[in-house]
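Colleague: Going down the list, the sequences are from chains S and R. The first sequence begins at 258 in the numbering used here and counts up one residue at a time. The second sequence begins at 82 in the numbering used here and counts up one residue at a time.
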Amino acid sequence: MSWTRKLVPSYFSGAVLAAIGFIVGSQYVWRVIGGVNWDLNDPGASGNFLEQGFLAGFVLMTLGWLIGIGAFKYPFTWMLGLKDPDHNEELRLAGKDAGIIRYFRFTTDHKVVGIQYLVVTMIMLAFGGLGAMLIRTELMFPGAWAFPKETYNTIVTMHGMLMILTIISFFVGPFGNFVIPIMIGARDMAFPRLNALSIAFLIIAMAVYAFIPFMGIGDPLTTGAGVQTGWTVYGTLADQTGIGVDALALAVILAGVSSQMGAVNLITTVIAMRAPGMSYTRMPMTVWGSIGASILSALGTASLTVDLVMIVMDRVFRTSFFFAATAGDFANNGYIGGGSAWLTQNLFWFFGHPEVYLLVLPAFGFVMDVTSVFARKPLFGYKTAILGLMGVVVLSFLVWMHHEFVSGFLPELRGFYMASTELISVPTGLIFLVLLGTMWRGRIWMTVTMGFVFAFTWSFLIGGITGIYLSDVPADVQLHGGMFVTAHFHYTIVGGALMGFLGAVYYWFPKMTGRMMDEKIGWISFWGIQIGFNGTFLAMFYVGLQGMPRRVADYSPLFAGGNLVASISAFVLGASVILYFYNVIYSWKAGPIAEANPWGAKTLEWTTPTPVPLENFGEIPVVTSGPYNYAEPATPSGVPARGVEAGPAIG
Amino acid sequence: MNSRGNLRTPIILWVVISILLAALYYFLAPVLAQAGAIPPLASDVADNAYQIMAIFTYLSIPVFVGVVVFAAYSLFTFRSRGRPTDIGPQIYGNTRLLGWWLAASFVLITVLYVIGFNGLAQLEAAAPASALHVRVTAQQWIFNYTYTDYNISSSTLYLVENQPVEFTVTSLDVHHSFWIPEMGVKADAVPGELNTFVATPNKLGHYTVRCMELCGVLHSDMNTNVVVETSSQFGTWISQQMSVRPASLFAAVQLPEAALLDASGKRS
């Protein structure tokens with residue numbers, strides 16, 4: 258039957274095998290190893306069997322998913338020497354003539370993967386935002402009035418970690434995949450199957466993540482369901498929280514592997530697949546920013562993976578990586594001891610700090626690119642911009658211990674980490690120089706994207722300046738761990754990365770979907786987002802200065818005023834983001850048809866027809882100038898005077 | 082065509098708005114502090130921290146205003162109505178401006194370093210011999226205080242005005258963080274490790290201790306009281322405590338912590 262050939266393999270068959278895998282894995286541990294008479298409510302041995310069953314279920318679920326979507330098909334046919342795929346088969350795998358189903362299966366075309374990433378990350382963003390709304394609901398009034406405290410802690414954890422996973426992939430995922438290969442004049446990513454695999458990993462990671470709030474319900478050994486550790490998942494607390502931490506660890510490891518695969522792929526693509534004439538100094542800044550982010554992703558994520566593996570080992574196999582040699586411990590908890598609680602902080606933040614730069618670097622590149630486009634001016638200092646981006650990349654690995662100024666770990670090193678942290682403001686300042694210089698005497702076209710560039714400038718400036726307060730040890734000792742910090746990093750991450758993302762969706766929407774986004778709804782949602790965002794986090798700065806700690810379900814009436822303002826503003830922000838999402842969905846279906854180059858940009862992705870054909874270019878273009886030469890005469894197709902030569906075939 | 086715009090207007094705006102904001106901050110900050118925008122300060126460490134924050138605020142006003150003024154001026158002056166029909170001047174950068182920008186950045190960074198390292202030196206000054214020694218033991222979800230000079234334990238922290246105090250912070254279970262907002266004292270309580278912090282309370286009164294690191298269900302309730310009192314009041318309290326708690330009982334209470342300290346073997 259033809260529909261079975263269409264649906265197998267696809268994400269649907271993958272989902273079926275994933276469900277079967279989970280049931281087989283978990284039931285094997287619970288029913289066969291645990292025994293027929295094993296009782297969930299028996300506090301003796303039940304905890305471990307419960308966790309081991311879930312872990313086995315998750316592992317088989319992942320395997321089932323990968324088998325079901327056909328990810329192993331080609332590696333195995335090659336390994337067994339059965340058949341080498343020819344060009345036609347490669348094209349079929351890339352979704353040639355497949356219709357809409359190509360978005361629901363293991364498809365290697367980078368544009369399909371980009372759209373898949375866009376949809377998946379926007380769904381993740383919606384759930385992360387829901388978490389934020391729930392947090393602000395609880396904090397609207399003093400006194401833990403909306404949820405029990407353990408539920409609140411789980412919401413905080415899930416909001417934090419989900420948003421981080423979202424923001425890691427919501428720029429280099431959708432745009433890094435869809436746009437960057439075309440930007441550098443390539444026909445696809447360097448490793449198309451790895452690319453399809455990375456989105457498949459992200460999807461299954463999110464499926465595992467969705468288990469968290471339900472795990473541990475009715476478990477007598479832990480206090481409530483979910484994970485109550487905050488996104489830092491310090492090993493000491495993670496050991497005694499609900500069994501949801503196993504799902505969290507596995508989901509984050511899978512998502513981390515996904516982002517590492519994407520990073521390696523992107524770096525290789527940019528190094529190896531650039532069109533003739535596309536030298537490193539002719540690449541748009543978006544490419545540079547995404548490369549910087551990919552370097553951080555490839556090098557930093559491993560540290561978090563190690564941390565989470567150790568946490569699961571401590572929980573399930575009773576190792577003691579994070580437990581010091583305390584005499585009472587063996588008797589009380591069954592640990593041997595000899596570990597270090599500082600280790601979990603170091604492993605986490607060695608990932609954690611490069612990671613926040615990984616979130617904003619692509620947005621840095623993007624805002625510089627579009628400022629040039631909408632001001633019709635070249636970048637004010639191309640090499641200055643590269644210096645800024647790469648300076649941040651290098652320095653970001655040298656600052657992580659500023660998260661541990663009060664931890665007591667090697668206090669004599671605090672001076673060094675204070676100095677390196679403050680040094681990072683130099684390369685970041687260069688980005689602002691480039692932005693301001695590019696705007697100066699331009700022809701600024703105020704599209705919604707450009708609005709988000711100004712919003713980025715405003716928010717990241719506030720985020721950066723408050724970061725200076727936190728980099729200074731005596732001031733940080735007072736502010737550390739409070740709402741001031743929360744407000745600061747939301748100004749950098751929401752104000753930096755999210756503003757960049759929202760602008761980027763608006764900017765590349767015509768190329769990705771063939772339709773323009775609605776401008777009027779765009780501006781309304783833009784102003785709603787700005788008012789809501791600034792209201793929320795300026796109020797949060799205020800309660801932070803007043804002395805409100807982070808991650809508390811309940812607080813002193815002293816902080817009530819600021820929190821009420823923050824909550825109401827947060828609901829404005831939430832409503833505006835919903836309006837933005839509505840704009841995306843509505844315009845995707847019914848927006849006006851876009852021309853090939855609606856913004857008049859000079860980068861290569863706008864020289865292709867819309868929708869972009871399967872192998873992007875009929876002939877690979879030969880690049881003869883930088884991406885911002887607005888003085889060059891444009892040919893009717895929008896391509897500047899550039900020679901062409903026949904490009905190599907795919908594969 | 083756009084209006085050309087000039088450099089003079091934004092520079093004047095920058096200077097004027099910066100001065101206005103600095104003046105506003107100068108006059109408004111004490112009023113806001115009085116109204117509860119920051120906790121009432123009660124130690125040398127807190128004074129130090131808020132002094133640094135005030136200097137930073139004065140330093141960041143021109144930086145903030147400069148970027149905002151130039152961006153806003155560009156937005157209003159060089160804005161094109163709808164899609165631009167011509168292109169802007171093709172300027173590819175300005176090495177001299179870059180040089181000045183970098184120079185200004187490094188000057189600002191140097192100022193930050195001077196302030197920061199100076200403050201750090203004050204923060205890290207060793208406890209004088211007259212210091213009161215308090216061992217803070219955090220556990221879910223209480224703080225327990227041991228006065229090692231007197232072998233006394235208490236769940237409320239009593240301190241003496243103008244007497245330096247050395248806190249040695251540890252935890253029995255998970256990460257906590259010991260914070261006295263009014264005194265600017267903050268030290269993570271890390272299981273199996275000792276973390277010291279020296280401060281001198283300089284104002285009588287009742288203050289709070291908050292836990293600053295998510296430590297489980299009742300994290301938000303992990304608040305206790307601090308009382309800063311005169312040395313004669315404190316002496317009375319100490320002698321009361323010593324009389325009601327015999328030494329043998331005290332030893333039994335202290336056993337788990339003593340074992341912890343022996344076994345860790347580090348930083349004691």
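All residues carry an ideal CB built from backbone N, CA and C; glycine is no exception.
Closer than 7 Å: is that where the CB of GLY738(S) sits relative to any heavy atom of the ligand GTP?
Modeller: With respect to the ligand GTP, the structure offers nothing, as it holds no ligand at all.
Colleague: Residues in the region 694 to 717 of chain S with C-beta within 8 Å of chain R's C-beta atoms, listed in sequence order?
Modeller: So the close ones are GLY694, MET696, TRP697, ARG698, GLY699, ARG700, ILE701, TRP702, MET703, PHE711, THR714, TRP715.
Colleague: Could you list which residues in chain R have their beta carbon closer than 8 Å to that of GLY739(S), in chain order?
Modeller: Within 8 Å Cβ-Cβ: MET293.
Colleague: Give the residues from the region 148 to 160 of chain R that approach chain S closer than 8 Å (Cβ to any Cβ), ordered along the chain.
Modeller: Within the region 148 to 160 of chain R, the residues whose Cβ lies closer than 8 Å to some Cβ of chain S are VAL148, VAL149, PHE151, ALA152, SER155, LEU156, PHE159, ARG160, listed in chain order.
Colleague: Going residue by residue through the region 356 to 403 of chain S, where are the continuous alpha helix (DSSP H) segments of at least 4 residues, counting only ones entirely within it?
Modeller: The qualifying runs are 367 to 396.
Colleague: Going along the chain, which residues of the region 516 to 530 of chain S sit with their C-beta nearer than 7 Å to a C-beta in chain R?
Modeller: Of all residues in the region 516 to 530 of chain S, none has a Cβ within less than 7 Å of some Cβ in chain R.
Colleague: Name the DSSP beta bridge partners of THR227(R), please?
Modeller: Beta-bridge pairing links THR227(R) to ARG216(R), SER234(R).
Colleague: For GLY546(S), count neighbouring C-beta atoms within 10 Å of its own C-beta (all shown protein chains included) and say buried if the count is 16 or more, exposed if not.
Modeller: Buried, by the Cβ-count rule.
Colleague: Roughly how many angstroms lie between the CA atoms of VAL880(S) and PHE432(S), to the nearest whole one?
Modeller: Distance between the alpha carbons of VAL880(S) and PHE432(S): 21 Å.
Colleague: Is the Cβ-Cβ distance between ASP167(R) and ARG698(S) less than 8 Å?
Modeller: In this structure, ARG698(S) does not lie closer than 8 Å to ASP167(R) by Cβ.
Colleague: Looking at the strands, I want to know which residues DSSP matches up with HIS287(R).
Modeller: DSSP lists VAL308(R) as partners of HIS287(R).
Colleague: At 8 Å on the CB atoms, spell out the chain R contacts of THR641(S), in chain order.
Modeller: The contacting residues are GLY174, LEU179.
Colleague: Rounded C-beta distance between VAL683(S) and ILE190(R)? I'm assuming under 8 Å.
Modeller: About 7 Å separates the two Cβ atoms, so the contact holds.
Colleague: Is the region 700 to 718 of chain S touching the region 624 to 632 of chain S, taking contact as three or more C-beta pairs under 8 Å?
Modeller: Yes: the two stretches touch, three or more of their Cβ pairs being nearer than 8 Å.
Colleague: Compute the beta-carbon to beta-carbon distance between GLY321(S) and ILE277(S), rounded to the nearest angstrom, for a pair I have assumed lies under 8 Å.
Modeller: Contact flag correct, Cβ pair sits at about 6 Å.
Colleague: Listing by chain order, which chain A residues have their CB less than 9 Å from the CB of ALA127(R)?
Modeller: Reference to chain A is not applicable here, since the protein chains of this structure are S and R.
Colleague: Consider the Cβ of THR486(S): report whether some Cβ of chain R lies at a distance smaller than 8 Å.
Modeller: Judged by the 8 Å Cβ criterion, THR486(S) is in contact with chain R.
Colleague: Counting only Cβ-Cβ distances shorter than 8 Å, please list the residues of the region 598 to 628 of chain S near chain R, keeping chain order.
Modeller: The residues in question are ALA598, TRP599, GLN602.
Colleague: With the cut-off set at 8 Å, would you say GLY282(S) and LEU317(S) are in Cβ contact?
Modeller: Cβ distance < 8 Å, so GLY282(S) and LEU317(S) count as in contact.
Colleague: Drop a sphere of 10 angstroms on the beta-carbon of GLY354(R), count the other beta-carbons inside from all chains shown, and report buried for 16 or more, exposed for fewer.
Modeller: The structure shown does not extend to residue 354(R), since chain R is modelled only from 82 through 349, so no value can be given for it.
Colleague: Between the region 261 to 283 of chain S and chain R, which residues of the former have CB atoms less than 9 Å from a CB of the latter, in chain order?
Modeller: Within the region 261 to 283 of chain S, no residue has a Cβ that lies closer than 9 Å to any Cβ of chain R.
Colleague: Is there at least one Cβ from chain R nearer than 8 Å to THR538(S)'s Cβ?
Modeller: No, no contact with chain R.
Colleague: In chain order, what residues of the same chain have a beta carbon less than 6 Å from the beta carbon of ALA584(S), not counting five sequence neighbours either side?
Modeller: Confidence is the limiting factor: at ALA584(S) the pLDDT is only 47, short of 50, which leaves the residue's position unreliable, though a coordinate-based value still follows. Contacts found: none.
Colleague: Would DSSP call PHE278(R) helix, strand or coil?
Modeller: Strand, per DSSP.
Colleague: Please list the segments of the alpha helix (DSSP H) lying wholly inside the region 800 to 856 of chain S, counting only runs of 4 or more residues, in order along the chain.
Modeller: Here the runs fully enclosed are 817 to 847.
Colleague: Measure how close the beta-carbons of GLU247(R) and THR277(R) come, nearest whole angstrom, since I'm counting them as under 8 Å.
Modeller: At roughly 6 Å, the Cβ-Cβ gap stays under 8 Å, so GLU247(R) and THR277(R) are in contact.
Colleague: Tell me which residue opens and which closes the alpha helix (DSSP H) that HIS416(S) is part of.
Modeller: Here the alpha helix (DSSP H) through HIS416(S) covers 406 to 426.
Colleague: Using 10 angstroms around the beta-carbon of TYR268(S), count the other beta-carbons present and answer buried if the total reaches 16, otherwise exposed.
Modeller: TYR268(S) comes out buried.
Colleague: Give, in chain order, every residue of the region 778 to 806 of chain S whose Cβ lies closer than 8 Å to some Cβ of chain R.
Modeller: So the list reads TYR799, LEU802, GLN803, GLY804, PRO806, given in the order they occur along the chain.
Colleague: Go through its chain and collect everything with a Cβ distance to PHE623(S)'s Cβ below 6 Å, but skip five positions before and after it.
Modeller: Excluding positions up to five away in sequence, the list reads THR543, GLY757, ALA761.
Colleague: Alpha carbon to alpha carbon, what distance is there between PRO731(S) and GLY200(R)?
Modeller: If you take the alpha carbons of GLY200(R) and PRO731(S), they lie about 6 Å apart.
Colleague: Considering only the beta carbon of each residue, do MET773(S) and SER844(S) sit closer than 8 Å?
Modeller: It is a contact, given that the beta carbons lie within the stated cut-off.
Colleague: So, using beta-carbon positions, are VAL829(S) and GLY785(S) closer together than 8 Å?
Modeller: A contact, by the Cβ cut-off of 8 Å.
Colleague: Determine the burial state of VAL834(S): buried for a count of at least 16 other Cβ atoms within 10 Å of its Cβ, exposed for fewer.
Modeller: The residue in question, VAL834(S), is buried, as its Cβ has 16 or more Cβ neighbours within 10 Å.
Colleague: Does ALA888(S) come within less than 8 Å of chain R when only Cβ atoms are used?
Modeller: Cβ-Cβ to chain R under 8 Å: yes for ALA888(S).
Colleague: Starting from the Cα of MET658(S), find the closest Cα among TYR639(S), HIS610(S), LYS640(S), ILE688(S) and give me that residue.
Modeller: Here the closest residue by C-alpha is HIS610(S).
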